[in-house]
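This report refers to the structure that appears directly beneath it.
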Amino acid sequence: MSGPGTLARRDAAARRTGRRGRSPVVSALLHLTCITIGAFIVVPIIYGVLGGFKDNGQLAQNPFGLPDPWVTSNYTDIFVSASFWRQLGNSLLIAVATTVLVVGVSAMAAYVFARFAFRGREFFFTLFAMGLMFPFAVAILPLFVLLRAMGLLDNPLGVILPQAAFGLPVTIIVLRGFFREIPREIEEAATVDGCSPFGFFWKILLPMARPALATVSVLAIVASWNNFMLPLVIFNDQSWWTLPLGVQQFQGQYASDTARILAYVVVAMIPALALYAVAERQLIGGLTAGATKG
Amino acid sequence: MPRSVSHPTGTQRPPSARGVPATARPGVGKQSAPRPRSRGRSRARLRTVFRDRGWPTIVVFLAPALLLFCLVVLGPIVLAAYTSLFKWNGFGGLPTDFIGLDNYRRMLADEIFLGDLWRGFILVVLSLGVQLPIALALALLLNQKIRFRAVYRVMFFAPYVLSEVITAVLFTMVLSPEVGLANEVLRAVGMDNLAAEWLSDPDTVLYAVFVVITWKYFGFYMILFLAARQGIPAELIEAASVDGADSWRVFRHVTLPLLGPTIRIAIFLSIIGTIQLFDAVWVLTGGGPVNASETMAITMFQYGFRRFEVGYGTAISMAMFIISLVFALLYQRFVLRRDMEGAITVAKGRS
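Listed in order, the protein sequences are those of chains X and L. Every number in the numbering used here is 632 more than the matching position in the first sequence, counting from 1. Every number in the numbering used here is 29 more than the matching position in the second sequence, counting from 1.
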């Protein structure tokens, strides 16, 4: 199959496709498709952003156009409200705590799964991997009963612990894959130099695995940040509410004040979009690795 | 061909492999293709390296994850299996009013629950028939060398990072009958008769929900497909076109089969995601009007957290669990078997 003739033919083909380019019509059609889909994505967001700068009268009469005049009070009211900042802080605290816990615990387990041989290893790994298949919603009701019995209602731990637990499968799978790639020679050298298993894990493996740790951390942060169901049932006390709960509650409170709700939604989007902007690579890398390895 | 490196059948590690330079062994290079590892080989390798390490390390490192997982993931499932056999309002200690399988009998006669199954089925069909093909088409499109493709990619994926709640609240406004964007657009282009009360009409609400979840999720599948497409070596596509295949046949006989594993995973994720659909529906409609957009998770939530019929609610939880489990096992067994390495099916090949 790979005689010189074939190679020459391939080269010719490559040159041809390289030179051929695409007709302007096809190119325009491709862009048209992309722009249509892009409009489907972006227009609702722009509608939200501009809507937040209108009052409700404007919104009813002039849903598309630019605000006239620009009303900033919807946005400024949010930035001076204590409850918004409190929700932001709660979301942040819970996301960070969840991430530290799930990444720390998973890294330890993944280390054992990646680099130790022991009876029952595959059984335990399969146990964790099966966790991927169980929707979170399945466990929420008995979980609530359990957490109530443990006295964890209206306690951030009541959200942090379950989020971390449900994050274990994907984190362990991604980290195990990465830990397996680290050459055995490094471990042998460390052992020869008197490194204990823990020393190797802490001083060598974790620093080497920084990209993978960043990836799984971003996944954990996003999952925690967007979680709604668990905080909804755990936090009765408003002072613990996270941003998604706040958004939903705000919608109920100002049901007829559409412009104000749009402003709140837009502001609530900012942290997630900012994270996406700085961590796009980790997020996408983690999602594709989690999906294909899990 | 990473496969050629591993020793296929032997229980002993081939002696020659001992001196092979690091880069020639699987698991060392940067390749990310699935690596079949023969059991004997990895055992032998592990035994030589970890001879001096014992159970203490393993137990100490595994215990926290195992404890957390058993307590918070497996524990509730066992608890649900137990409480689903009782009539229980959720208060007090453990339930006492044992009613056997009555909750399950009630469930199978419950029109709302049966409706949930039907609506879930519709959503799955729509997802697999509309959402995934669009995602695949866009992934292939963005794999072309077109200008601004990075911009398009970032834009299409952006909704995925927003929470379902934010998405749903935004779309409550977009779809609202009076000031909503959707109807205004239809009126502006002269299709007034298509304007509708999207979320309060039982005939349209499920499709409206589907549009919202598609808005949020298609970018995720697109990214999966795009990553897989970029993993296909250009030589394969070129070779096919050199051999005279037109672009449709290249797609049908080369690209599509090579994307197969990713497509099968995407189908799996899509179905599991539909089974647990809650946040978006809860915020958009609460399951209404008259249950027209209710999902299993919503029904479970209503009974468990709103009507305090926790026994019955946990029975619905168990139904979701069993449906997920049976689906996952069948899917693993019959569809993913060839694709999966190192996760679930591999357990069968090992002792």
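Heads up, the beta-carbon is just placed ideally off N, CA and C, and yes, glycines get one too. All figures in this text were calculated on a predicted structure; none of them were measured in a lab.
Y181 (chain L) and F249 (chain L) closer than 7 Å at C-beta: The answer is no: Cβ separation not under 7 Å.
Separation of T86 (chain L) from F745 (chain X), as counted between CA atoms: Rounded to whole angstroms, F745 (chain X) to T86 (chain L) spans 12 Å at the Cα level.
Proximity test, Cβ basis, 7 Å: Q883 (chain X) and chain L: Output row for Q883 (chain X): interface = yes.
Interface residues of the segment 666-684 of chain X facing chain L [CB-CB below 9 Å]: Going along the segment 666-684 of chain X in chain order, one finds C666, I667, I669, G670, F672, I673, V674, V675, P676, I677, Y679, G680 and G683 with a Cβ nearer than 9 Å to chain L.
Closer than 7 Å at the beta carbon, the chain L residues around F860 (chain X): Within 7 Å Cβ-Cβ: S192, E193, V194 and D308.
Minimum C-alpha distance to V203 (chain L) - residue among X:V737, X:F711 and X:P676: Comparing Cα-Cα distances from V203 (chain L) to each of X:V737, X:F711 and X:P676, the minimum goes to X:P676.
is_contact[A822 (chain X), chain L] using C-beta, thresh 7 Å: Closer than 7 Å: no.
Own chain residues within Cβ distance below 7 Å of Y743 (chain X), not counting five before or after: Excluding residues within five positions, the ones whose Cβ falls inside 7 Å are F811, F833 and L837.
Environment of D869 (chain X) [buried if 16+ CB atoms lie within 10 Å]: Residue environment analysis places D869 (chain X) among the exposed positions, since fewer than 16 neighbouring C-beta atoms fall within 10 angstroms of its C-beta.
Straight-line Cα distance separating I106 (chain L) from P815 (chain X): Roughly 39 Å separates the two Cα atoms.
Endpoints, alpha helix (DSSP H) assigned at H944 (chain X): Outside the displayed range of chain X (633 to 926) lies residue 944 (chain X), so it cannot be described from this structure.
Nearest to I927 (chain X) (by Cα), restricted to the options X:E754, X:N722 and X:F716: Beyond the ends of chain X as shown, which are 633 and 926, falls residue 927 (chain X); an answer cannot be given.
Y332 (chain L) and G342 (chain L) closer than 7 Å at C-beta: Their beta carbons are under 7 Å apart, which means Y332 (chain L) touches G342 (chain L) by this criterion.
Where S346 (chain L) meets chain X, residues with beta-carbon distance less than 9 Å: What S346 (chain L) touches in chain X: A769, V770, A771, I772, L773 and P774.
Any non-hydrogen atom of the ligand FMN within 6 Å of I294 (chain L) CB: Absence of the ligand FMN from the depicted structure is noted, as is the absence of any ligand whatsoever, leaving it without description.
Residues sharing a beta bridge with F115 (chain L), DSSP: According to DSSP, which records beta bridges pairwise, F115 (chain L) is partnered with L:F127.
Given L919 (chain X) as reference, the closest of X:Q885, X:L691 and X:T847 once Cα atoms are compared: In terms of Cα proximity to L919 (chain X), the closest of X:Q885, X:L691 and X:T847 is X:T847.
Below-7 Å beta-carbon distance, G340 (chain L) vs any chain C residue: The question asks about chain C, but that chain is absent: this structure's protein chains are X and L.
CA-to-CA distance, T284 (chain L) to R54 (chain L), given in whole angstroms: For R54 (chain L), the pLDDT reaches just 37, beneath the cut-off of 50, and the residue's location in the model is therefore unreliable, although a value from the coordinates is still provided. Counting only the Cα atoms, T284 (chain L) lies some 29 Å from R54 (chain L).
Straight-line gap, A326 (chain L) to M349 (chain L) (C-alpha atoms, nearest Å): Distance between the alpha carbons of A326 (chain L) and M349 (chain L) is about 8 Å.
Other residues of its chain near E213 (chain L): CB distance less than 6 Å, five sequence neighbours each side excluded: The beta carbon of E213 (chain L) lies closer than 6 Å to none in the same chain, with the five residues before and after it left out.
Interface flag, Q259 (chain L) vs chain X, CB-CB below 7 Å: No, Q259 (chain L) does not count as interfacial toward chain X.
Rounded separation between V899 (chain X) and Y707 (chain X) - CA only: For V899 (chain X) and Y707 (chain X), the gap between their C-alpha atoms comes out near 8 Å.
Under 7 Å from the C-beta of S299 (chain L): neighbouring residues of chain X: Around S299 (chain L), no beta-carbon contact reaches into chain X at under 7 Å, the shortest distance being about 11 Å.
Alpha-carbon to alpha-carbon, L864 (chain X) and L785 (chain X): If I take the Cα positions, the gap works out to 11 Å.
Within-7 Å CB hit, R366 (chain L) to chain X: No, R366 (chain L) does not count as interfacial toward chain X.
Contact belief for L288 (chain L) with L778 (chain X) at Cβ below 8 Å, rounded distance in angstroms: Between L778 (chain X) and L288 (chain L) the Cβ distance is about 41 Å, and since that is not below 8 Å, they are no contact.
The segment 268-275 of chain L / the segment 125-145 of chain L touching (three or more Cβ pairs under 8 Å): The segment 268-275 of chain L is not in contact with the segment 125-145 of chain L.
Three-state secondary structure (DSSP) of F337 (chain L): F337 (chain L): coil per DSSP, three-state reduction.
Interfacial residues, the segment 773-794 of chain X to chain L, with Cβ spacing under 7 Å: The segment 773-794 of chain X vs chain L, Cβ under 7 Å: L773, P774, L775, V777, L778, L793 and P794.
Complete runs of the alpha helix (DSSP H) confined to the segment 789-853 of chain X [at least 4 residues]: For secondary structure counted as the alpha helix (DSSP H) over 4 or more consecutive residues, the segment 789-853 of chain X holds these complete runs in sequence order: 789-813 and 816-824.
CB-CB length for T196 (chain L) against A309 (chain L), believed under 8 Å: The C-beta distance from T196 (chain L) to A309 (chain L) rounds to 6 Å, short enough to meet the 8 Å contact threshold.
Per-residue contacts from A741 (chain X) into chain L (C-beta, under 8 Å): Those are F90, L91, P93, A94 and L95, listed as they occur along chain L.
Contact list for I804 (chain X) against chain L, beta-carbon separation under 9 Å: For I804 (chain X), the residues of chain L that pass the 9 Å Cβ criterion are A94, in the order they occur in the chain.
Under 8 Å by beta carbon: chain L residues contacting V865 (chain X): Near V865 (chain X) (Cβ distances below 8 Å), the residues of chain L are F334.
Presumed contact (8 Å Cβ cut-off) between A904 (chain X) and W857 (chain X), rounded CB distance: Between the beta-carbon of A904 (chain X) and that of W857 (chain X) there is about 6 Å, and that keeps the pair under the 8 Å contact cut.
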